[in-house]
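Q: Encoded as structure tokens, here's the structure I'll be asking about.
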Amino acid sequence: MSSKPRGYFFMINNVEFVNNIFDPRKGSLVDEENLHELFREFGYIVESHRNQGLEDMKRKIREFAQRREHSLYDSCVVAIMSHGNMGSSKQDSVIIAANGQYLEIEWVLEQFTNENAPSLQARPKIFFFQTCRGDGQDFGVKLTSGRIKKDGSSSSVLRSMSDMLIGYSTLPGFSSNRDIHLGTWYIQAICEVFMEHACDTDVEDMLKLVDQKLATLTAEDGSLQTSSYENRGFRKLYFNPGLFDPPSGYA
């Protein structure tokens, strides 16, 4: 990327919850520190908020998405870490605010549409959601014979939602794993993979490497974890400044 700084890295990390309605997310401060270090190294302005109730979360996210200064930079990255659950259907997911109320992940993404966030139009927007998406656990299946083991037209009108790459720590309906000393599996994997491969690998391919790393991990109870991501009109993006075209043509 060519801008200096490259953009904002915006984080909300809910660690503790009002009246202990949910267990503290021990280890998440390690994730916070590691992400801060990673994105500072990548040249981002780091902004983080901790233990936010629902209305504070919504206000801060909305204000960040509408920030005019985004037009000065090439991209933005958003990370939200908290407890979470399924929404109204298995495919919907919610983030649990520090006061126990639910915030739909889709609401967060809608704040960054080309209509709601005009300063981010045609700019790559990357999201990381480190939350459970249900309480299901994956204990794997026995390998059966023959199966592989797994450890253009142009237009001046922008689509409503584009240039988004959305990373999820787990699949819909499943929980995420967190080490109380080392942090969550997903954020650990992101930091390790991105630090090693950002010099020559685009972001979407790095998310594939993140899941490959998760595939090698097994919790004490035998459960596994599979990450996922969505590409909503997102093109190839490298954090390495020598491998990046301007936002208007970052394919």
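Quick note: the sequence shown uses my numbering, first residue 91, plus one each step.
Think of the CB as a built atom: it goes at the ideal place given N, C-alpha and C, for glycine as much as any other residue.
Kindly identify the DSSP beta-bridge partner or partners of Gln278.
A: None; Gln278 has no bridge partner.
Q: Measuring alpha carbon to alpha carbon, tell me which residue in Pro214, Leu297, Phe324 is nearest Met91.
A: With distances taken between Cα atoms, Met91 lies closest to Pro214.
Q: How long is the line joining the alpha carbons of Asp311 and Gln156, rounded to whole angstroms?
A: The straight-line gap from Cα to Cα measures roughly 44 Å.
Q: Report the rounded CA-to-CA distance for Ile151 versus Asp121, giving the unit in angstroms.
A: In a straight line, the C-alpha of Ile151 is about 20 Å away from that of Asp121.
Q: Can you tell me whether DSSP reads Gln302 as helix, strand or coil?
A: In the structure shown, Gln302 sits in a helix (DSSP, three-state: H, G or I).
Q: Quick check on the burial criterion: 16 or more other C-beta atoms within 10 angstroms. Buried or exposed for Asn109?
A: By the 10 Å Cβ count, Asn109 comes out exposed.
Q: Specify the secondary structure class of Ala169 as computed by DSSP and reduced to three states.
A: Strand, per DSSP.
Q: For Ser209, which residues in the same chain have their Cβ closer than 7 Å to its Cβ, ignoring the five residues on either side in sequence?
A: Contacts found: Arg157, Arg158, His160, Ser161.
Q: For Asp292, count the other beta carbons within 10 Å of its own beta carbon; 16 or more makes it buried, fewer makes it exposed. Which is it?
A: The residue is buried, with at least 16 neighbouring Cβ atoms inside 10 Å.
Q: Go ahead and label Thr274 buried or exposed: buried means 16 or more other beta carbons lie within 10 angstroms of its beta carbon, across all protein chains shown.
A: Result: buried.
Q: I need the straight-line Cα distance from Tyr328 to Val283, nearest angstrom please.
A: Looking at the two C-alpha atoms, the distance is approximately 13 Å.
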